[in-house]
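Novice: Just dropping this structure here.
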Amino acid sequence: QLNIAPKTTGVVVAHVQAGSQAEQAGLQRGDVIQEINRQAITGVKDYEAAAAKIKKDENAVLLVNRQGNSLFIVINP
50 QLNIAPKTTG VVVAHVQAGS QAEQAGLQRG DVIQEINRQA ITGVKDYEAA
100 AAKIKKDENA VLLVNRQGNS LFIVINP
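In this text, residue positions in the sequence shown follow the numbering used here: the first is 50, and each later residue adds one.
Structure (structure tokens):
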């Protein structure tokens, strides 16, 4: 169980690949991505649209909800 509050919006991280940029940046299973580069993420379509805008070698700033706490994670996908 991931202990995510019912009204939490965003996309839940189901798996983080070992050795990936996401793991190195600190993203964890159960994190809820709520923003990418200040663009609100309410579902998979929002996530895909925001991810498509990230240019190669450009950092992305994720607003993540982890067990009710908000934190920023910078990742270079």
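Cβ atoms here follow ideal geometry from the backbone N, Cα and C, with glycine treated the same way.
#1: Measuring alpha carbon to alpha carbon, tell me which of P55, K102, R115 ends up nearest I85.
#2: Determine the contact status of I124 and L111, defining contact as a CB-CB distance below 8 Å.
#3: Cα separation between K56 and V81?
#4: Rounded to a whole number of angstroms, what is the C-alpha to C-alpha distance between P74 and Y96?
#5: Rounded to a whole number of angstroms, what is the C-alpha to C-alpha distance between T58 and T91?
#6: Figure out for me which residue from A99, I53, G79 has the closest Cα to the Cα of H64.
Specialist: So, from the data block:
#1: By 1-based counting over the sequence shown, the position of residue 85 is 36. For the residues P55, K102, R115, the minimum Cα distance to I85 belongs to K102.
#2: Taking the sequence shown and counting its residues from 1, the one referred to as residue 124 is at position 75. Taking the sequence shown and counting its residues from 1, the one referred to as residue 111 is at position 62. Yes. Within cutoff.
#3: Within the sequence shown, numbered from 1, the residue matching residue 56 stands at position 7. Within the sequence shown, numbered from 1, the residue matching residue 81 stands at position 32. Between K56 and V81, the C-alpha separation is close to 12 Å.
#4: If you number the sequence shown from 1, residue 74 lands on position 25. If you number the sequence shown from 1, residue 96 lands on position 47. The sequence given here has Ala at residue 74, not Pro. About 18 Å.
#5: Numbered from its first residue, the sequence shown carries residue 58 at position 9. Numbered from its first residue, the sequence shown carries residue 91 at position 42. Cα to Cα, the separation comes out at about 5 Å.
#6: Residue numbering aside, residue 64 sits at position 15 when the sequence shown is read from its first letter. When only C-alpha atoms are compared, the closest one is G79.
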